[in-house]
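So the sequences go chain by chain: A and B. If you're matching positions, the first sequence starts at 67 in our numbering and goes up one per residue. If you're matching positions, the second sequence starts at 21 in our numbering and goes up one per residue.
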Amino acid sequence: MRLNILLDPFRWLGRTAVDTAAQIGQWGGLGLQTLRGIQRVDIWGRLLLGQLAKIGVDSVPIALFIASFTGVVMALQASYTFTGAVPLYFVGTLVGKTMILELGPVLTGLALSGRVGANIAAELGTMRVTEQIDALETLAYDPVAYLVVPRVLAGLIMVPVVVILATAIGITAGWGTSLYLLDMSTPEFMKGLRLFFDDWDVKFAVIKSLSFGLTITSIGCFFGFTTRGGAEGVGLSTTRAVVVSSMVILVLDAFWAATLL
Amino acid sequence: MSILLKDVHKAFGSNRVLKGFSLEVQPGETLAIVGQSGTGKSVALKHVVGLLRPDSGEVWVDGKNVGDMDLEGLYEVRRNVGYVFQFAALFDSLTIGENVGLGLRRMPELTDEAISRRVRECLALVELEGYESRYPSQLSGGQKKRAGLARAIATRPEYLLYDEPTTGLDPVTTTVIDRLIIRTREELEVTSVVITHDMESAYRVADRVGMLHDGVIRFLGTPDEIQACPDPIVKGFIEGKPELLEGAG
Ligand SMILES: Nc1ncnc2c1ncn2[C@@H]1O[C@H](COP(=O)(O)OP(=O)(O)O)[C@@H](O)[C@H]1O
Ligand SMILES: [Mg+2]
Chain A
67 MRLNILLDPF RWLGRTAVDT AAQIGQWGGL GLQTLRGIQR VDIWGRLLLG
117 QLAKIGVDSV PIALFIASFT GVVMALQASY TFTGAVPLYF VGTLVGKTMI
167 LELGPVLTGL ALSGRVGANI AAELGTMRVT EQIDALETLA YDPVAYLVVP
217 RVLAGLIMVP VVVILATAIG ITAGWGTSLY LLDMSTPEFM KGLRLFFDDW
267 DVKFAVIKSL SFGLTITSIG CFFGFTTRGG AEGVGLSTTR AVVVSSMVIL
317 VLDAFWAATL L
Chain B
21 MSILLKDVHK AFGSNRVLKG FSLEVQPGET LAIVGQSGTG KSVALKHVVG
71 LLRPDSGEVW VDGKNVGDMD LEGLYEVRRN VGYVFQFAAL FDSLTIGENV
121 GLGLRRMPEL TDEAISRRVR ECLALVELEG YESRYPSQLS GGQKKRAGLA
171 RAIATRPEYL LYDEPTTGLD PVTTTVIDRL IIRTREELEV TSVVITHDME
221 SAYRVADRVG MLHDGVIRFL GTPDEIQACP DPIVKGFIEG KPELLEGAG
């Protein structure tokens with residue numbers, strides 16, 4: 067009896083590991099179906115534009131909001147840290163490098179996993195529990211081609227676009243802050259910005275954003291599709307979609323830094 | 021050619037739902053399946069269109085084995101089967117007209133003009149003329165069910181499957197839907213399976229009534245036959261007497 071209690075955490079751990087592995091397998095299965103579904107342009111073609119607007123355009127305000135405040139804070143903190151020991155134009159370097167390499171993609175990715183990922187999981191989850199996905203199947207539609215493909219494609223296209231916009235706004239906000247709060251001049255800021263700039267940084271940010279776009283939409287679709295059991299199930303799927311895609315984004319972030327930099 | 025399920029077994033984990041379910045639907049008839057809720061009526065119906073696959077046993081529709089068919093084959097079969105869902109399952113993001121026309125868009129031979137004409141016809145059949153541009157959230161429960169029926173008949177299927185078309189509706193709306201089921205059958209000459217737990221509805225619309233109990237069809241016969249059935253399980257259910265059901269086990 068006593069031993070059983072001691073073993074419980076391990077049993078829980080084992081069960082969780084098995085469940086997680088099974089879910090990753092199912093997620094991969096959905097991925098294969100998505101690849102097949104891409105061929106059915108007749109089904110998803112008309113739906114892509116709407117998803118581009120919903121996933122991309124509608125996400126711009128929140129992404130810009132986050133990026134601009136981050137840019138301001140970055141500039142202020144950089145100047146506070148340097149305290150005269152480092153030339154002030156390095157504020158431009160720090161703002162530029164961190165916005166492009168890290169904060170632009172990651173903060174946007176995390177914000178969109180809340181906004182877009184939750185939205186997809188809730189919408190598809192509701193469709194699952196109200197049998198709308200079954201109804202699609204009975205009308206001879208491949209539900210993966212109809213629901214998943216346009217969302218994943220829209221995520222792949224729009225997340226990098228939103229990230230680039232956010233990064234640009236973040237740097238602009240850092241520049242404005244340097245100008246008005248730090249008594250720097252525009253040439254000084256630009257000098258710092260250019261100092262360690264590398265074309266590769268932008269490519270790196272785009273690769274990262276593509277992987278985040280895929281993560282957010284495919285995980286949202288996965289938890290939506292596998293929703294069970296009414297309103298409670300939809301809530302659970304939504305939470306899981308946000309938590310899991312945020313975690314995957316952070317892991318991917320470290321992975322890309324380790325492999326590509 | 022019609023619908024045939026042969027010794028179908030289906031379990032979800034340890035929950036064994038169908039335990040050798042067999043049923044043959046005659047061409048042109050309307051067959052009602054009754055039974056307590058949670059016994060697997062919807063599960064059985066979903067096997068007919070391959071939304072669920074049997075663990076063992078066979079499912080035949082129109083002489084084709086649906087049980088182990090690939091997706092393309094299933095889509096062929098589904099074009100010929102209309103499915104009316106328990107809660108209508110209309111697509112919230114589409115108007116009623118778009119809902120009804122969605123299946124028609126999968127038929128390349130139909131022009132946009134022909135589709136919108138067909139949509140109007142089907143909505144007229146269920147007495148929802150003029151509702152094309154409304155959204156499902158703007159409809160009452162009974163109207164939604166009728167719109168769901170219009171969507172199911174739009175592709176002019178030979179088979180219609182109804183999952184509890186009248187559950188949760190008031191008696192008047194129930195009668196309206198029952199009449200629609202009868203009229204649809206007369207006008208489109210379809211073979212239908214109607215799941216219900218309303219015995220009055222079953223007697224009104226069906227040629228034969230089957231009772232699902234404990235994973236199998238416990239009884240199958242005409243409305244007169246089922247009402248005369250001495251089996252306490254059947255009697256207990258149709259007369260609404262739980263004590264008979266429990267006593268028989
Ligand atoms: N997709 C599913 N996954 C797991 N269990 C299911 C699924 N569909 C139905 N069930 C279970 O099968 C049983 C029969 O359900 P159902 O066919 O919906 O009953 P009803 O006769 O009321 O239509 C229930 O216990 C239900 O929980
Ligand atoms: Mg049911």
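Backbone N, C-alpha and C fix where the C-beta goes; we use that ideal spot for every residue, glycine too. Since the model is a prediction, treat every value here as computed from it, not as a measurement.
Check your understanding: Would proline 253 of chain A be called buried (16 or more neighbouring beta carbons within 10 Å of its own) or exposed?
Key -> So proline 253 of chain A counts as exposed.
**Study point:** Cβ pair phenylalanine 257 of chain B, glutamine 56 of chain B closer than 8 Å
**Key:** The answer is yes: Cβ separation under 8 Å.
Review point. Taking 8 Å as the CB-CB limit, is arginine 137 of chain B close to chain A?
Key: No, its Cβ sits nowhere closer than 8 Å to a Cβ of chain A.
Practice item. Let me know the secondary structure DSSP gives valine 314 of chain A once reduced to three states. Key: Helix, per DSSP.
Review point. Glutamate 197 of chain A touches chain B at which residues, Cβ-Cβ below 8 Å?
Key: The answer, in chain order, is Phe105, Gln106, Phe107 and Ala109.
Check your understanding: Any heavy atom of ligand 1 closer than 7 Å to the CB of asparagine 185 of chain A?
Key -> For ligand 1, not one heavy atom lies less than 7 Å from the Cβ of asparagine 185 of chain A.
Check your understanding: Would a C-beta distance cut-off of 8 Å place arginine 140 of chain B and alanine 206 of chain A closer than the cut-off?
Key -> No; because the gap between Cβ atoms is not below 8 Å, this pair is not in contact.
Practice item. Could you tell me whether the Cβ atoms of threonine 284 of chain B and glycine 48 of chain B are closer together than 8 Å? Key: Nothing can be reported for residue 284 of chain B: it is not among the residues displayed for chain B, which extend from 21 to 269.
Exercise for review: For arginine 98 of chain B, return the contacting residues in chain A, with the cut-off set at a CB-CB distance below 8 Å.
Suggested key: Contact note: arginine 98 of chain B reaches chain A through Glu203, Thr204, Leu205 and Ala206, using a C-beta cutoff of 8 Å and chain order.
Point to revise | Entirely enclosed alpha helix (DSSP H) segments - the segment 72-105 of chain B, minimum 4 residues | key: If we require 4 residues or more, the alpha helix (DSSP H) runs fully inside the segment 72-105 of chain B come out as 91-98.
Review point. Are three or more beta carbon pairs between the segment 227-239 of chain A and the segment 87-104 of chain B nearer than 8 Å?
Key: The answer is no - the segment 87-104 of chain B does not touch the segment 227-239 of chain A, with fewer than three Cβ pairs under 8 Å.
Check your understanding: What residues in the segment 240-251 of chain A bring their beta carbon closer than 8 Å to a beta carbon of chain B?
Key -> Listed by position along the chain: nothing, the set is empty.
Exercise for review: Entirely within the segment 213-277 of chain A and at least 4 residues each: give me those alpha helix (DSSP H) ranges in chain order.
Suggested key: Counting whole runs of 4 or more residues, the segment 213-277 of chain A contains the alpha helix (DSSP H) stretches 215-247 and 252-261.
Check your understanding: Touching or not, the segment 109-129 of chain B and the segment 197-213 of chain A, by the rule of three or more beta carbon pairs under 8 Å?
Key -> A contact is defined here as three or more CB-CB pairs under 8 Å, and the segment 109-129 of chain B meets this definition with respect to the segment 197-213 of chain A.
**Study point:** Exposed unless 16 or more other CB atoms sit within 10 angstroms - verdict on isoleucine 90 of chain A
**Key:** So isoleucine 90 of chain A counts as exposed.
Point to revise | Rounded distance between the beta-carbons of threonine 283 of chain A and valine 215 of chain A, thought under 8 Å | key: Between threonine 283 of chain A and valine 215 of chain A the Cβ distance is about 10 Å, and since that is not below 8 Å, they are no contact.
Practice item. Consider the Cβ of aspartate 200 of chain A: report whether some Cβ of chain B lies at a distance smaller than 8 Å. Key: True, the Cβ-Cβ gap to chain B drops below 8 Å.
Check your understanding: Quick check: the segment 226-233 of chain B against the segment 33-51 of chain B, are there 3 or more CB pairs under 8 Å?
Key -> In this structure the segment 226-233 of chain B lies against the segment 33-51 of chain B, because at least three pairs of beta carbons, one per stretch, are closer than 8 Å.
**Study point:** Validate contact between the segment 70-81 of chain B and the segment 126-134 of chain B using beta carbons, cut 8 Å, 3 pairs
**Key:** The answer is no - the segment 126-134 of chain B does not touch the segment 70-81 of chain B, with fewer than three Cβ pairs under 8 Å.
Practice item. State yes or no: is the C-beta of glycine 103 of chain A within less than 8 Å of the C-beta of aspartate 208 of chain A? Key: Yes, Cβ-Cβ distance for glycine 103 of chain A and aspartate 208 of chain A is below 8 Å.
Practice item. Give a yes or no on whether 8 Å exceeds the smallest Cβ distance from leucine 71 of chain B to chain A. Key: Interface criterion met: the Cβ of leucine 71 of chain B is under 8 Å from a Cβ in chain A.
Review point. Taking leucine 318 of chain A as the reference, which of A:Tyr155, A:Thr293 and A:Ser277 has the closest Cα?
Key: From the listed residues A:Tyr155, A:Thr293 and A:Ser277, the smallest Cα separation to leucine 318 of chain A is found for A:Ser277.
Practice item. Flag tyrosine 179 of chain B as yes if its beta-carbon sits less than 8 Å from any beta-carbon of chain A, otherwise no. Key: Under the Cβ criterion of 8 Å, tyrosine 179 of chain B is not counted among the residues facing chain A.
Review point. In three-state terms, what does DSSP make of serine 136 of chain B?
Key: For serine 136 of chain B, the secondary structure class from DSSP, reduced to helix, strand or coil, is helix.
Practice item. In the DSSP assignment, find the alpha helix (DSSP H) that holds glycine 241 of chain B and state where it starts and stops. Key: For glycine 241 of chain B, there is no enclosing alpha helix (DSSP H); the enclosing beta strand (DSSP E) has its first and last residue at 236-241.
Check your understanding: Hey, is glycine 123 of chain B's beta-carbon within less than 8 Å of any beta-carbon in chain A?
Key -> Yes, glycine 123 of chain B lies at the interface with chain A (some Cβ there is under 8 Å from its Cβ).
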